[in-house]
Each structure stands twice: as structure tokens, then as C-alpha cells.
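Enquirer: Residue numbers (our numbering), protein chains in the order written: chain H, 18 to 400; chain L, 18 to 400.
2 protein chains.
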Amino acid sequence: MQGLHAPFGLHARPAGHNIRWRVAQFPTPCLRINLAIARRNIRRLAEYAGRHGLKLRPHTKTHKSLEMSRLQVEAGAAGLTVAKAGEAEIISGACPDILVGYPAADESRAARLAQLARSKSVRVAVDTRAAADAIACAAREAGSTIGLLVDIDVGYHRTGVQSPADAVALAQYVDSCRGVRLDGIFLYPGDVRTPPGEQVQPMTAIGTVLGETLELWKSRGLAAPIVSGGSTPTAYQSHLVRQLTEIRPGTYIYNDMNTVWGGFASLDDCAAAVECTVVSDAVPGKVVMDAGSKTLGSDFNVIRPDGGFGHIPEFPEAKIVRLTEEHGEIDVSRCPIRPKIGRRLRVIPNHICPCVNLHDFAILDLEDGQSRQLRIDARGKVS
Amino acid sequence: MQGLHAPFGLHARPAGHNIRWRVAQFPTPCLRINLAIARRNIRRLAEYAGRHGLKLRPHTKTHKSLEMSRLQVEAGAAGLTVAKAGEAEIISGACPDILVGYPAADESRAARLAQLARSKSVRVAVDTRAAADAIACAAREAGSTIGLLVDIDVGYHRTGVQSPADAVALAQYVDSCRGVRLDGIFLYPGDVRTPPGEQVQPMTAIGTVLGETLELWKSRGLAAPIVSGGSTPTAYQSHLVRQLTEIRPGTYIYNDMNTVWGGFASLDDCAAAVECTVVSDAVPGKVVMDAGSKTLGSDFNVIRPDGGFGHIPEFPEAKIVRLTEEHGEIDVSRCPIRPKIGRRLRVIPNHICPCVNLHDFAILDLEDGQSRQLRIDARGKVS
């Protein structure tokens with residue numbers, strides 16, 4: 018046991034991921050990260066990216082950890098992605114090349130990023146002239162330069178300009194602004210969630226849009242050294258879009274029930290779980306665990322909205338039917354054995370990113386069987 | 018401006034809750050608490066409780082703040098309620114009389130509470146012998162005494178023994194255990210959510226169950242000095258259940274769209290809002306604000322599950338249709354005026370408790386027009 022704060026009173030435990038959790042080992046609920054699985058997930062995608070000549074710029078929103086950031090960089094990541102200025106300020110401690118995959122259209126955020134750009138490489142995705150103006154203005158004031166990527170909507174309809182022509186118009190505008198440097202194109206294929214093998218068509222459609230955009234781009238004498246794609250579900254199909262130069266998946270490091278039920282990972286690829294204790298069995302047909310929405314997050318599963326609030330591998334017939342803030346109610350009526358009070362359960366959340374964001378630290382289970390604390394360094398950096 | 022950390026660069030603002038937010042005043046998103054409204058909510062319920070001879074033991078899960086705890090105590094709260102041992106350890110700094118409204122059935126939690134009970138008054142709600150055993154054992158080891166309340170299920174079917182007979186059987190068991198003291202009955206009417214005036218019947222039904230339980234209780238020679246009810250929706254109907262000696266509402270201090278749309282509060286009673294900035298309007302018919310599920314929480318509204326993820330009073334026709342982690346997508350197609358990029362918006366969340374739990378601090382807007390930081394002291398105390 019290394020570096021663990023005294024109040025937890027932790028003891029070393031035998032090696033192996035699938036051992037039974039010993040009662041009272043750690044106070045529950047607690048987030049546990051299996052380092053071997055996280056490393057394997059990191060390595061696998063890094064190898065895929067390397068094989069296809071793609072740069073990897075993992076989105077750190079999933080882990081919000083400097084230590085995990087460093088593992089991704091050591092495995093070959095060319096840079097890292099964040100959403101917020103506060104995350105950029107922290108995560109840039111692990112890597113000096115940061116992409117803010119978020120429109121920093123307001124003065125405050127733009128000023129913080131411009132300050133950071135004095136000593137680090139900072140790029141930002143923009144989809145409006147207003148955002149480009151805010152960033153350019155802040156960069157000029159700080160005496161720094163920020164690289165901008167034009168965000169183009171490829172089907173998720175959240176952010177992004179609406180056509181290749183609009184993309185090029187914004188690119189020309191960016192190119193004319195002092196304080197910023199036009200670096201290329203940004204897209205988020207968040208709507209593409211069909212499993213590998215079935216999704217050649219959506220990825221081909223994205224390639225068509227990008228091809229058209231880049232042709233217009235070139236015809237205006239603009240350069241696009243970066244074409245940045247992303248998302249864990251599409252990660253291993255990135256080579257189908259030959260225009261991409263880099264990808265920004267986040268969830269792949271830990272995985273969750275969204276990626277498992279989506280067909281993008283197996284349960285064995287899940288590096289993160291919330292360890293809970295059964296605290297009540299007074300109501301017939303159910304037991305209550307000590308993890309609710311303030312510990313697991315209350316996201317429904319994207320693929321199976323009626324599938325409950327996470328999965329318990331040791332009790333696959335159990336369904337987490339209701340989360341209140343600190344209670345997780347589990348329907349155990351179909352379980353051959355009903356977990357008793359005091360029994361520890363591992364829950365794989367539906368969506369690991371908001372779950373991690375609820376915890377100040379996780380227990381990191383190392384390859385040698387020891388465990389120690391993992392700080393969630395950028396948790397709470399809302400702005 | 019008092020006690021605010023330098024990085025926020027805050028400036029005093031004119032008094033009044035309904036002023037327009039000035040751009041770049043605070044970095045967004047940020048949680049803002051209006052002290053005058055919170056005080057009024059606190060005072061109003063304290064007066065109601067006083068009028069009906071009910072003790073008030075507010076649940077601090079909503080604010081997780083020592084300062085708000087102290088305001089509740091100053092207004093006459095007899096004690097405070099928490100869910101977790103970590104919350105008990107912190108919140109007991111504001112009041113030495115703590116009820117843990119949660120089955121502390123595991124060794125670790127029981128041990129922490131038993132330690133705390135050496136210097137404070139600690140009570141715990143239990144619904145199983147296993148929980149009573151764990152707490153009694155921990156209290157004996159710590160040389161302290163913990164008061165136990167028997168949790169009886171009055172319709173929410175989350176925790177609680179299933180009948181008056183079961184309640185009395187558990188009470189007799191508790192009464193026989195060394196280290197604990199039988200203090201009474203605990204209930205959570207979480208299923209009662211019909212507005213005031215329409216809910217005499219459910220409250221009467223609860224009274225019937227309690228009456229029966231207390232009669233049995235008495236016939237066994239047991240005492241029940243405390244009968245603890247709770248919940249904000251039922252708070253102002255508590256006098257309809259004459260057996261209650263105290264109530265434990267939490268949300269009432271801030272309110273949210275669950276209490277507003279439930280008919281338990283008005284928009285003017287909402288003391289908490291997340292201030293956001295519009296950061297994108299690139300997709301037709303919608304704008305994007307800089308607050309998603311990691312800032313607002315992703316709970317659906319209990320009363321209007323299809324009503325969106327919060328309410329924007331200044332743009333009542335707007336609907337927050339999708340939250341991803343850091344993006345809030347707002348359908349503005351029915352708004353007469355479309356909020357522009359950079360525009361600040363106040364969002365009242367569906368469920369304020371998990372929202373507060375996402376923030377390390379809030380901006381507290383004082384009655385004199387000044388603002389300062391409010392720490393969310395017990396945030397992150399998951400165990």
C-alpha cells in the first residue's frame with residue numbers, strides 16, 4: 018500500500034482482478050480502477066492508431082487524472098484533449114500539447130486559455146465567428162497564439178458549422194484574425210454508435226463531407242494540417258475516414274456499460290467499477306446498495322435505456338432499478354442467490370465519465386496486487 | 018466582496034435577485050445561491066414546524082454546507098440529518114445532534130459513527146438486525162452509545178421494515194442490544210408527491226400505520242420519544258400525521274424544478290441556479306450553453322420527465338433537450354428572441370441536490386448586493 022491517506026485504513030490484497038472483495042477492505046462506495054486493464058486499453062488503441070498512421074489525442078474528460086494522462090502520453094499520444102479551461106490548466110501538466118474540444122466563446126475562458134498558450138501549445142475548436150473573435154482577442158492581449166480548428170457538424174447536431182461551405186467561410190475568417198492560427202478541422206461523430214463491422218456507411222458519409230470540405234479549403238489556399246475525429250465507439254473505424262489525421266476517444270481507457278452494450282468493448286475491458294456494500298434487504302424482492310446517483314451518476318444506458326443503472330457482473334440477473342442520491346435499489350428477484358447485507362458488489366456504471374467526476378480519488382489496483390490512491394486531479398473544474 | 022479566492026476576479030454587483038447577469042462577471046458555469054431566498058425558505062418552514070410543535074431536523078444532503086447548516090440551526094432546527102458517515106463527520110461541526118438517515122450496516126461506516134458518538138449525539142435509522150448488530154458492536158468497541166430509530170416503509174419501498182409487527186420485533190431486538198439505545202421510529206414518505214390540499218388521504222394512511230405501530234410498541238413496554246418523518250413535498254402537511262415529533266426535509270432550503278412543477282414551491286422560492294453562458298448557436302433551432310450533466314446533473318424531472326433538464330426563467334419557452342457532459346443543448350425554436358453567444362442564462366435544475374454535489378463551491382449572493390464564496394463542505398463524502 019503506497020501513498021494512501023491514513024483514514025482509509027487500507028490493507029494490501031492478493032493480486033488478480035476477479036478475486037472476491039473482502040468485507041471492510043475499503044470504505045464503500047469507492048471507485049476502483051484496474052491498472053492492468055486500463056494499460057491494455059491504452060496500448061490497444063495506441064497500436065491501432067500507429068498501424069494506420071493516425072495521431073492519438075485522448076480526451077481526458079473520462080479520467081481527469083494526470084497519472085492516466087501520462088500513461089497515455091507514454092503509450093504514444095501526440096497530445097491530449099480537454100473540454101474546459103480549468104481542465105486545460107491542470108492536464109497540461111502532463112503534456113504540453115492541449116486541444117480544447119469545446120467552443121471557448123466567452124471572455125473568461127478565452128483569457129485563461131490565452132494565458133496558458135504563453136507556455137503550452139493550445140488549440141481550440143470553434144464553430145462561430147464570435148468564438149474565433151473572443152479567442153483571437155484574448156490571445157492578442159496575452160501575447161500568445163492559439164491554433165483553431167473549425168468544428169463541422171457530421172450528424173450529432175450539437176455544435177459545428179452546417180456545411181462544407183460554412184466551414185470554409187469560417188476558416189477564411191479565422192485565417193484573417195490576428196492572435197489565432199488556422200490549424201484544420203474538428204468533428205465529433207457522436208451519433209455513430211452502431212457496432213464495428215456494421216458501420217462502414219456512416220463513416221464513409223463522414224469521409225465524403227470531409228473530402229468536399231478539404232477540396233474547398235484547398236481551393237481557397239487554406240491549409241488543414243489537422244483533421245481531428247473522435248469518440249470511443251468510432252475509434253477502431255477511424256481508418257475508414259482517410260482524411261483524419263488524429264482521433265480523440267475518451268471512454269476507451271476505462272469503458273463502461275455504454276461501450277459494452279454498444280458492442281465496442283467486453284466486460285473484461287472495463288477497467289473501472291464502483292465497489293458497493295449491500296446495506297438493506299428489508300423490502301421484498303430487492304436489496305439496497307450504498308451507491309446512488311451521487312456515486313454512480315444517473316445516466317440511463319444509451320443502448321438499453323431500460324437496462325438499469327449499471328451492471329453487476331457477479332449477479333448478472335440483478336437489475337439496478339432505481340437510484341436515489343445515496344441508495345441504489347437492486348431488483349434481485351431473478352437472482353438464484355440473493356446478496357446478503359454486508360456483501361460487497363462491483364457495479365460497472367452506464368457512463369463512466371460523469372461517475373469518475375463524482376469522486377475526489379479512486380483506488381488504483383496495481384498489477385502487483387497492491388493498491389493505492391489515484392487522484393481525480395481535474396474533477397470539479399467546471400469552468 | 019468578502020473571502021473570495023483571487024482567481025475568480027469577482028466584482029460586487031448591484032442588489033436584487035432579478036437583475037440581468039453582467040457578462041464576464043464570474044466564470045461560468047457557476048452555482049449561485051441567493052441568501053435572502055434561502056433564509057426565507059428556512060424561516061418559513063421553521064415557523065410552520067414551531068406552530069405545530071414539530072421539531073425540525075433538516076437533511077443537509079441538499080446544501081452540504083456548514084454555513085447553511087448553521088443558518089438552519091439558528092432558525093431553530095433541533096438537529097441535522099445526513100446520509101453518510103463522511104457527511105456526519107463534517108456537518109456535526111455545525112450542530113452536535115446528528116441523525117444518519119441511512120442504514121449504516123457495514124463495519125466501516127458503523128465504526129466511524131461510533132467514534133463520532135463519543136463526542137456528539139448520533140442516531141441512525143436501521144431496518145435490519147444486521148444493521149443494528151453492526152452499529153451496536155461498533156459502539157461497544159468505541160465506548161459510545163448510538164440511538165437507533167426503526168425505519169418503517171410507508172410506501173416508497175426503498176428501505177424499511179414491512180409492517181408494524183416487524184417494526185416492533187426489530188425495536189425489541191434493538192432494545193436488547195448493548196451499545197445502542199432505542200429512540201423511536203423513522204419513515205420516508207418519498208412516494209407522496211401530490212400537491213398540498215390534495216394529499217390528506219396519503220398522509221392519513223401514514224398516520225394509521227404509525228398509530229398501529231406505536232400501539233404495539235407501547236404494549237411491549239417500549240418507548241418512542243422520536244417519530245421522524247421527512248421530505249420536502251410532504252413538509253407542510255406534516256401536521257396531518259399527529260404521531261410525528263420531527264421532520265427531515267432537505268430540498269426546501271433551495272428548491273428546484275421538482276418542487277416547483279410538483280406544486281410545492283414557486284420559481285421565486287428557488288434559491289439556487291446555475292449561471293451559464295451560451296457558447297454556440299451553429300446548429301439551427303438550438304443554442305448550446307456551457308453546462309451539461311457534469312454541472313447540472315442529469316436527473317429527469319420527477320413530475321415532467323419530458324420537460325427537459327432544468328428551466329430558464331428568462332426564456333420560459335426554451336427547453337433544455339439534451340445534456341452531454343459539458344454541453345447543454347437548448348431548443349430555442351419557440352423563443353421570440355434567441356439568446357446570442359455570450360449571453361448569460363440562469364438555469365434552475367430539475368434536482369438541486371445532485372447538482373450542488375457537483376460543485377466545490379457556490380457563489381453566495383448576499384442581501385447587501387455583495388457576493389462571496391460558499392464552500393460545499395461535505396461534497397465528495399461518498400462513504
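Built from N, CA and C at the ideal position, the CB exists for glycine as well. Only a predicted model underlies this, so the values are computations on that prediction, with no experimental measurement involved.
Please report the straight-line C-alpha distance between H/A149 and H/A379, rounded to a whole angstrom.
Expert: Your numbering for residue 149 of chain H matches position 132 in the first sequence. Your numbering for residue 379 of chain H matches position 362 in the first sequence. Near 37 Å, if we compare the C-alpha coordinates of H/A379 and H/A149.
Enquirer: Can you check whether the CB of L/I337 is closer than 8 Å to the CB of H/T145?
Expert: Walking along the first sequence from the start, residue 145 of chain H turns up at place 128. Walking along the second sequence from the start, residue 337 of chain L turns up at place 320. Their beta carbons are not under 8 Å apart, which means H/T145 does not touch L/I337 by this criterion.
Enquirer: Check this for me: beta carbons of H/L391 and H/E64, under 8 Å apart or not?
Expert: Position 374 of the first sequence holds residue 391 of chain H. Position 47 of the first sequence holds residue 64 of chain H. The answer is no: Cβ separation not under 8 Å.
Enquirer: Which same chain residues, not among the five before or five after L/F203, have their C-beta less than 6 Å away from its C-beta?
Expert: The residue labelled residue 203 of chain L in the question sits at position 186 within the second sequence. Correct list, in chain order: A142, L166, D168, S245.
Enquirer: Run down chain L in chain order and give the residues with a C-beta less than 7 Å from the C-beta of H/V305.
Expert: Indexing the first sequence from 1 puts residue 305 of chain H at position 288. Ordered by position in chain L, the residues that pass the 7 Å Cβ test against H/V305 are R175, T176.
Enquirer: In its own chain, which residues sit with a C-beta less than 6 Å from the C-beta of H/A305, not counting the 5 before and 5 after it?
Expert: Against the first sequence, residue 305 of chain H aligns to sequence position 288. Note on residue identity: the sequence assigns Val, not Ala, to residue 305 of chain H. Cβ neighbours of H/V305 beyond the five flanking positions: V296, S297, H344, E346.
Enquirer: Roughly how many whole angstroms lie between the Cα atoms of H/A156 and H/L133?
Expert: The residue given as residue 156 of chain H occupies position 139 in the first sequence. The residue given as residue 133 of chain H occupies position 116 in the first sequence. Rounded to the nearest angstrom, the two C-alpha atoms are 10 Å apart.
Enquirer: Strictly by DSSP, which residues pair up with L/Q387?
Expert: Start at 1 with the first residue of the second sequence, and residue 387 of chain L comes out as number 370. According to DSSP, L/Q387 bridges with nothing at all.
Enquirer: Taking the continuous alpha helix (DSSP H) assigned at H/R129, which residues delimit it?
Expert: Working through the first sequence from its first residue, we reach residue 129 of chain H at position 112. Looking at the DSSP string, the run of the alpha helix (DSSP H) that includes H/R129 is 124-133.
Enquirer: In the DSSP assignment, find the alpha helix (DSSP H) that holds L/V185 and state where it starts and stops.
Expert: As a working note, residue 185 of chain L is residue 168 in the second sequence. Start and end: 181-193.
Enquirer: Any Cβ of chain L within less than 8 Å of the Cβ of H/C370?
Expert: As a working note, residue 370 of chain H is residue 353 in the first sequence. It does; some Cβ of chain L falls within 8 Å.
Enquirer: Against L/Q132, what residues of chain H qualify as contacts under a CB-to-CB distance less than 9 Å, listed in chain order?
Expert: Along the second sequence, read from residue 1 onward, the residue named residue 132 of chain L stands at position 115. Those within 9 Å of L/Q132 in chain H number zero; the least Cβ separation is about 11 Å.
Enquirer: Would you mind telling me which residues of chain L sit closer than 9 Å to H/T45, beta carbon to beta carbon, in chain order?
Expert: Against the first sequence, residue 45 of chain H aligns to sequence position 28. Near H/T45 (Cβ distances below 9 Å), the residues of chain L are D123, S125, R126, V399, S400.
Enquirer: Pull up the distance between the alpha-carbon of L/R396 and that of H/L227, whole angstroms please.
Expert: The residue given as residue 396 of chain L occupies position 379 in the second sequence. The residue given as residue 227 of chain H occupies position 210 in the first sequence. Looking at the two C-alpha atoms, the distance is approximately 44 Å.
Enquirer: Identify the residues that DSSP records as bridge partners of H/I337: which are they?
Expert: As a position in the first sequence, residue 337 of chain H is number 320, starting the count at 1. Per DSSP, H/I347.
Enquirer: When you compare each of H/P213, H/D385, H/T230, H/R198 to H/S180 by their alpha carbons, which one comes out closest?
Expert: As a working note, residue 180 of chain H is residue 163 in the first sequence. For the residues H/P213, H/D385, H/T230, H/R198, the minimum Cα distance to H/S180 belongs to H/T230.
Enquirer: For H/I354, verify whether its CB is less than 7 Å away from any heavy atom of the ligand MG.
Expert: Absence of the ligand MG is noted for the structure shown, with no ligands found whatsoever.
Enquirer: So which residues on chain H does L/I358 lean against when the C-beta distance must stay under 8 Å?
Expert: In the second sequence, counting from the first residue as 1, residue 358 of chain L sits at position 341. Near L/I358 (Cβ distances below 8 Å), the residues of chain H are A122, T145, A147, A148.
Enquirer: Using the DSSP secondary-structure output, state which residues sit across from H/S138 in a beta bridge.
Expert: Taking the first sequence and counting its residues from 1, the one referred to as residue 138 of chain H is at position 121. According to DSSP, H/S138 bridges with H/D114.
Enquirer: Cβ of H/R198 within 8 Å of Cβ of H/T162?
Expert: Position 181 of the first sequence holds residue 198 of chain H. Position 145 of the first sequence holds residue 162 of chain H. Cβ atoms of H/R198 and H/T162: closer than 8 Å.
Enquirer: In chain order, what residues of the same chain have a beta carbon less than 6 Å from the beta carbon of H/R129, not counting five sequence neighbours either side?
Expert: What you label residue 129 of chain H is simply residue 112 of the first sequence in a count that begins at 1. Taken in chain order, the residues that qualify are A102.
Enquirer: Answer yes or no: do H/R74 and H/A105 have a C-beta to C-beta separation smaller than 8 Å?
Expert: By 1-based counting over the first sequence, the position of residue 74 of chain H is 57. By 1-based counting over the first sequence, the position of residue 105 of chain H is 88. No. Outside cutoff.
Enquirer: Mark L/S388 as exposed unless 16 or more other C-beta atoms lie within 10 angstroms of its C-beta, in which case mark it buried.
Expert: As a working mapping, residue 388 of chain L is identified with position 371 in the second sequence. By the 10 Å Cβ count, L/S388 comes out buried.
Enquirer: What's the call for H/D382, buried or exposed, on a 16-neighbour Cβ count within 10 Å?
Expert: Mapped onto the first sequence, residue 382 of chain H falls at position 365. It is buried - the Cβ of H/D382 has at least 16 other Cβ atoms within 10 Å.
Enquirer: Using a Cβ-Cβ cut-off of 6 Å (strictly less than) and excluding sequence neighbours within five positions of L/A66, which residues of its own chain qualify?
Expert: Here residue 66 of chain L refers to the residue found at position 49 when the second sequence is read from its first residue. Answer for L/A66: L73, listed in chain order.
Enquirer: Counting only beta-carbon atoms, is H/H376 nearer than 8 Å to chain L?
Expert: In the first sequence, residue 376 of chain H corresponds to position 359, counting from 1. Interface residue, yes.
Enquirer: Taking 8 Å as the CB-CB cut-off, is H/L391 touching chain L?
Expert: Your numbering for residue 391 of chain H matches position 374 in the first sequence. With 8 Å as the cut-off, H/L391 does not count as an interface residue toward chain L.
Enquirer: Taking the straight line between their C-alpha atoms, what separation do you get for H/V399 and L/V185?
Expert: Counted from its first residue, the first sequence places residue 399 of chain H at position 382. Counted from its first residue, the second sequence places residue 185 of chain L at position 168. Distance between the alpha carbons of H/V399 and L/V185 is about 48 Å.
Enquirer: Would you say H/D316 reaches chain L, if we count a Cβ-Cβ gap shorter than 8 Å as a contact?
Expert: What you label residue 316 of chain H is simply residue 299 of the first sequence in a count that begins at 1. It does; some Cβ of chain L falls within 8 Å.
Enquirer: Alpha carbon to alpha carbon, how far is L/R360 from H/A288?
Expert: Residue mapping note: residue 360 of chain L aligns to position 343 of the second sequence, counting from 1. Residue mapping note: residue 288 of chain H aligns to position 271 of the first sequence, counting from 1. Going from the Cα of L/R360 to the Cα of H/A288 covers about 40 Å.
Enquirer: Looking at the secondary structure, which residues open and close the beta strand (DSSP E) in which H/S245 lies?
Expert: Numbered from 1 along the first sequence, position 228 holds the residue referred to as residue 245 of chain H. Where H/S245 is concerned, the enclosing beta strand (DSSP E) stretches over 243-246.
Enquirer: Within the continuous beta strand (DSSP E) that includes L/I202, where are the two ends?
Expert: On the second sequence, residue 202 of chain L is found 185 positions in, with the first residue counted as 1. Here the beta strand (DSSP E) through L/I202 covers 197-203.
Enquirer: At what residues does the beta strand (DSSP E) containing H/G164 begin and finish?
Expert: Walking along the first sequence from the start, residue 164 of chain H turns up at place 147. Looking at the DSSP string, the run of the beta strand (DSSP E) that includes H/G164 is 163-168.
Enquirer: Determine the closest residue to H/R237 out of H/R210, H/D192, H/L257, with distance taken between C-alpha atoms.
Expert: On the first sequence, position 220 is the one that residue 237 of chain H refers to. That would be H/D192, whose Cα lies nearest to the Cα of H/R237.
Enquirer: According to the Cβ coordinates, are H/K303 and H/D348 closer than 8 Å?
Expert: For this step, residue 303 of chain H is matched to residue 286 along the first sequence. For this step, residue 348 of chain H is matched to residue 331 along the first sequence. Result yes, Cβ atoms of H/K303 and H/D348 sit closer than 8 Å.
Enquirer: Exposed or buried, L/E158, counting other C-beta atoms within 10 Å across all chains shown (16 or more means buried)?
Expert: In the second sequence, the residue the question calls residue 158 of chain L occupies position 141. Exposed, since its Cβ has fewer than 16 Cβ neighbours within 10 Å.
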